[in-house]
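Encoded as structure tokens, the structure appears first; notes follow it.
In the numbering used here, the protein residues as written are 2 to 209.
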């Protein structure tokens, strides 16, 4: 499940980045944070607004997702992914009627929301779009392996989590060779499939 979610996030992030062609990510907030800081330092306040908006909407998505998780402990996973699927579908239509930035705002909100879909429990979360963390964990597990103290399964798991985002971004980039509308169909189908799977598994998940 985490690999599918990360794969989907990688696709959407690449789509959002290529869509505006201005270095703005819809799920990679570390990059956006650095970029907005540089823009503000250079007094480019107008250009920074888009980045600030995306960051705020991403955080808002996480906030809404957390509220759903607390209020719907048994059903929050599939409910969150249902909302993500609806938002991705709406982005296709929003693109036709308003400015391109509005589409990226919707995608950022959806990616923030999706981060909640892989809660281990209500009190323990696993962020889905923090590629740096997966690389850091990969390095840590590699160090332990080289010292004879590591676990190969943990090493390959962390590496695979990073690769899921990486491969998703490759797929998203290639899909954008067609158009935004066609490109978004793939993550929509993925999210709908994940929603169905999470609904089916809801009785097996820990709801504490």
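No residue lacks a Cβ here, since even glycine has one placed at the ideal position from N, Cα and C.
Fair warning: this is a prediction, and the values are worked out from it, not measured in the lab.
Inter-residue Cα distance where the pair is residue i and residue j
i, j, result
"residue 200", "residue 45", "46 Å"
"residue 94", "residue 100", "12 Å"
"residue 183", "residue 110", "20 Å"
"residue 61", "residue 141", "32 Å"
"residue 164", "residue 24", "21 Å"
"residue 123", "residue 17", "Only weak support exists for where residue 123 lies, its pLDDT of 47 falling under 50; the value from the coordinates is given anyway. Roughly 30 Å between the two C-alpha positions."
"residue 97", "residue 185", "13 Å"
"residue 59", "residue 178", "26 Å"
C-beta atoms of residue i and residue j nearer than 7 Å
i, j, result
"residue 84", "residue 77", "no"
"residue 151", "residue 11", "no"
"residue 156", "residue 146", "yes"
"residue 139", "residue 159", "yes"
"residue 15", "residue 173", "yes"
"residue 102", "residue 27", "no"
"residue 176", "residue 135", "no"
"residue 190", "residue 89", "no"
"residue 38", "residue 82", "no"
Where residue i falls, given that 16 or more other Cβ within 10 Å makes a residue buried
i, result
"residue 33", "buried"
"residue 35", "exposed"
"residue 31", "exposed"
"residue 187", "buried"
"residue 2", "exposed"
"residue 115", "buried"
"residue 72", "exposed"
"residue 50", "exposed"
"residue 171", "exposed"
"residue 92", "buried"
Closer than 8 Å is the cut-off here; do at least three beta carbon pairs connect the region 93-112 with the region 47-67? yes
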